[in-house]
Each structure stands twice: as structure tokens, then as C-alpha cells.
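Below is one structure; the comments refer to it alone.
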Amino acid sequence: MLVLTRQRDQTVMIGDEIEVAIVDIRGDKVRLGISAPRSVSVHRKEIYEQIRRENQEAAALQPVDVESALTKSPPHPFPRLAEPPPPPDPLMRQALAEAQAGLTEGGLPIGSILVRAGQVIGRGHNRRVQNNDPMAHAEIDCLTNAGRQPTYHDTVLYSTLMPCYLCAGAVVQFGIPRVVVGDTLNFSGAVDFLRSKGVEVVDLRDPDCIDLMGKFIAQNPKLWNEDIGK
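Going left to right, the sequence shown walks through residues 210 to 439 as my numbering numbers them.
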């Protein structure tokens with residue numbers, strides 16, 4: 210086993226295509242950002258071991274085992290097809306477009322929209338770098354662009370990444386009852402705070418949002434830590 214000592218924001222290269230960055234260190238926990246080709250599977254070791262055990266068990270099955278299973282459980286009269294994944298949320302696609310616009314501008318790829326009755330009434334993305342403004346988070350930019358509203362109690366805030374405490378405070382302040390999030394894996398943010406204030410948080414675990422933010426954090430750890438105040 211090769212043992213390397215690294216500090217926050219430092220990286221390790223594995224071959225020419227896999228980069229591992231030290232994103233955050235909290236006590237005995239280390240958060241890693243991993244950038245790898247789609248052809249390379251990345252799993253926690255315990256998940257990898259579970260997959261390997263299941264594959265080994267499946268490979269060890271004998272024809273008699275399969276026949277016995279079919280006898281105990283009659284086959285369905287129609288072939289069972291794997292259930293397709295749920296279609297992408299069209300409103301989250303709009304928030305994702307905002308995130309991609311922020312990335313194109315040289316900023317952080319985080320986007321947000323404010324929705325009332327299925328209609329977008331405000332949109333924005335993280336502009337901290339573009340505007341040299343530490344307060345210009347995506348959700349704040351979205352609410353600013355939405356302008357004054359007589360009430361927020363009938364609105365839903367969409368964000369490609371779980372809001373931080375700054376943006377969660379705005380949600381609570383204005384009484385937005387529901388927040389729909391694309392990614393809590395790369396950043397868990399203020400999810401517990403929002404729920405403690407009665408805000409409904411819906412985590413879509415959108416693969417496009419997760420992939421976009423994960424790659425950005427791995428490639429720009431210093432800028433990401435600046436954004437979250439680390």
C-alpha cells in the first residue's frame with residue numbers, strides 16, 4: 210500500500226485520468242473529490258464489497274438452483290421489464306441551465322429558480338466571482354431577480370445544490386414552504402436547519418446536478434472552499 214500525506218486542497222493523480230482532491234477535513238472525517246472517466250466505477254469500499262459478493266453468489270448458482278427457484282415461485286405470465294428511471298424534473302432542468310450559465314461565465318455552477326403554480330417567476334445563478342460579490346449565491350440572485358412578491362407562501366424554490374445557511378435563512382425569512390434540491394451528496398448544506406423550521410426539502414438526487422458539481426469541486430477546491438467559507 211502506498212501511503213501519501215496530503216493537505217486540504219491538495220490532490221493525488223492516479224494514472225493520467227483520475228484525480229483525487231482533499232476537499233475538506235473535519236476531525237476524523239475526510240471529504241474527497243474524485244474526477245474520473247465515466248468508464249471507471251467509483252464506490253465506497255463497503256458498497257464495492259457488497260456488489261462483489263452479490264456477483265460471486267450469482268456466479269456460483271447452478272442450473273438446479275435456478276430450476277428450484279422457478280418451481281417455488283411461478284414465472285410471471287408476462288416478462289418483467291426493469292422499471293425505467295423517473296424522467297428528469299423539467300423545472301430542475303431550468304435551474305440546471307442557470308448553473309451551466311454560471312460555469313460558462315467563469316463562476317460556480319449553481320442555479321436556482323422560484324416557481325409559483327408551475328410557472329417560473331425568478332431565476333438566477335451563483336455570481337460571486339462574476340460580480341465580486343460574496344453574497345451573490347444562486348438562491349439570493351434568484352430571489353433578487355424575482356423582485357418584490359406579495360407573498361412567498363405559494364412558491365417553491367428549486368436549487369441544483371442544497372442551499373447553505375445564508376440562502377436557507379432567506380427561505381425561512383420569506384416563508385417559502387418547499388425547497389426542491391438536485392444535489393445533497395456534494396454538499397449537505399442547511400438541510401437540517403430548513404426541516405427544523407418546517408420547510409419541506411425534496412432531494413431529487415439528480416445525476417446531472419451531482420456530476421456537474423462534483424467535477425467542479427474536484428477541479429476547483431480553493432474556489433469551492435471560498436464559496437462555503439472554509
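Glycine included, C-beta positions come from ideal geometry on N, C-alpha and C.
Which whole-angstrom value is the C-beta distance of residue i and residue j, which I expect to be below 8 Å?
i              : j              : result
glycine 333    : cysteine 351   : 4 Å
glutamate 228  : alanine 377    : About 31 Å separates the two Cβ atoms, so there is no contact after all.
leucine 421    : methionine 301 : Contact flag wrong, Cβ pair sits at about 12 Å.
aspartate 363  : arginine 325   : 6 Å
asparagine 395 : aspartate 218  : At roughly 16 Å, the Cβ-Cβ gap does not stay under 8 Å, so asparagine 395 and aspartate 218 are not in contact.
Determine the contact status of residue i and residue j, defining contact as a CB-CB distance below 8 Å.
i              : j              : result
alanine 304    : serine 244     : no
arginine 404   : valine 410     : yes
aspartate 392  : isoleucine 419 : yes
isoleucine 322 : leucine 370    : no
isoleucine 385 : leucine 366    : yes
valine 381     : valine 408     : yes
aspartate 436  : leucine 317    : yes
proline 430    : alanine 230    : yes
Residue i bridges to which residues according to DSSP?
i              : result
aspartate 412  : Val390
threonine 364  : Arg325
serine 244     : Glu228
glycine 320    : His334
isoleucine 234 : Val239
serine 220     : Position check: residue 220 holds threonine in this sequence, whereas serine was assumed. Threonine 220 is bridged to Ala230.
Decide if residue i is buried, meaning its Cβ has at least 16 other Cβ atoms within 10 Å, or exposed.
i              : result
glutamate 266  : exposed
valine 232     : buried
glycine 356    : exposed
arginine 337   : buried
glutamate 255  : exposed
aspartate 225  : exposed
glycine 211    : The amino acid at residue 211 is misidentified as glycine; the sequence shows leucine. Exposed: under 16 other Cβ atoms inside 10 Å.
histidine 346  : buried
leucine 312    : buried
asparagine 341 : exposed
glycine 398    : buried
tyrosine 440   : In the structure as shown, the chain starts at 210 and stops at 439, and residue 440 therefore has no counterpart that could be examined.
glycine 438    : exposed
asparagine 264 : exposed
glycine 331    : buried
valine 388     : buried
proline 246    : exposed
proline 343    : exposed
proline 416    : exposed
proline 372    : buried
Check the Cβ-Cβ distances between residue i and every residue of chain D, and say whether any is below 8 Å.
i              : result
isoleucine 385 : Checking the listed chains, one finds no chain D in this structure; it contains a single protein chain.
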